[in-house]
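Engineer: This structure is in structure tokens; I'll ask about it shortly.
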Amino acid sequence: MAERYYIDTAIWVDFHENRKDRFRPLGEWALKMFRGIAQTGGIVIYSDMVIDELLRRYPMHIIHKAFNIIPKSNFKKVYANSEQSAEADRLSRERELPFADCFHAILARDNFAIMVSRDRHFEQLRDIADTKKPEELF
């Protein structure tokens, strides 16, 4: 079975804007990861929440353009159920973390995907989902 990856919204932003911080080429690392996923036949998992978060920054045609880095056949949209939402809400309250981060981690876990993020909140969710940074993958 092909490896699955749930890409955090910030990684999509790193890629699209070719972001850098003071020392690291974040956009380049995201590009390398996306190329690696495409070359190995990996599957990118995404949810409506990822799209909604991206829509706060970009119009839909820009999101589609960014998604074109991976063949359409390598994408899989996933949907949350009420139990997953309730679990994310509980985790968010118990661990004092953003609901969205808990939600993404639960969807990654339940879809057997690696959570790809550099957000420090995911360090507190490692018991929920295996989390890697883009540069750790390829």
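Our numbering numbers the first residue of the sequence shown as 1490 and each following residue consecutively. For every residue, glycine included, the Cβ atom is placed at its ideal position computed from N, Cα and C.
(1) On the premise that ARG1508 lies in contact with ALA1602, defined as a C-beta separation below 8 Å, what is that separation, rounded to the nearest angstrom?
(2) In whole angstroms, give me the CA-to-CA distance for ILE1532 and ASP1619.
(3) Is it right to say HIS1593 is buried, meaning 16 or more other beta carbons lie within 10 angstroms of its own, or is it exposed?
(4) MET1490: buried (16+ other C-beta within 10 angstroms of its C-beta) or exposed?
(5) Does DSSP put ARG1584 in a helix, a strand or coil?
(6) Taking MET1604 as part of the beta strand (DSSP E), name the residues at either end of that continuous run.
(7) For VAL1573 and ASP1599, which I take to be in contact (beta-carbon distance under 8 Å), what is that distance rounded to the nearest angstrom?
(8) So, do the stretch 1564-1580 and the stretch 1534-1551 have three or more beta carbon pairs nearer to each other than 8 Å?
(9) Near PHE1523, what residues of its chain come up, given a Cβ to Cβ distance below 7 Å and the 5 sequence neighbours on each side ignored?
Structural biologist: Let's see:
(1) Taking the first residue of the sequence shown as 1, we reach residue 1602 at position 113. Taking the first residue of the sequence shown as 1, we reach residue 1508 at position 19. With a Cβ gap of about 23 Å, ALA1602 and ARG1508 do not count as contacting.
(2) The residue you call residue 1532 lines up with position 43 of the sequence shown. The residue you call residue 1619 lines up with position 130 of the sequence shown. Cα to Cα, ILE1532 sits roughly 16 Å from ASP1619.
(3) Stepping through the sequence shown from its first residue, residue 1593 is reached at position 104. HIS1593 is buried by the Cβ-count criterion.
(4) Along the sequence shown, read from residue 1 onward, the residue named residue 1490 stands at position 1. MET1490 comes out exposed.
(5) Here residue 1584 refers to the residue found at position 95 when the sequence shown is read from its first residue. Here ARG1584 sits in helix by DSSP.
(6) For the purposes of this step, residue 1604 is identified with residue 115 of the sequence shown, where counting begins at 1. Per DSSP, MET1604 belongs to the beta strand (DSSP E) from 1603-1605.
(7) Position 84 of the sequence shown, counted from the first residue, corresponds to residue 1573. Position 110 of the sequence shown, counted from the first residue, corresponds to residue 1599. Val is not the amino acid found at residue 1573; the sequence shown has Gln there. Indeed, because the Cβ distance is near 7 Å, the residues count as touching under 8 Å.
(8) yes
(9) Locating residue 1523 in the sequence shown gives position 34, where the first residue counts as 1. Only PHE1504, ILE1558, ILE1559 meet the Cβ criterion.
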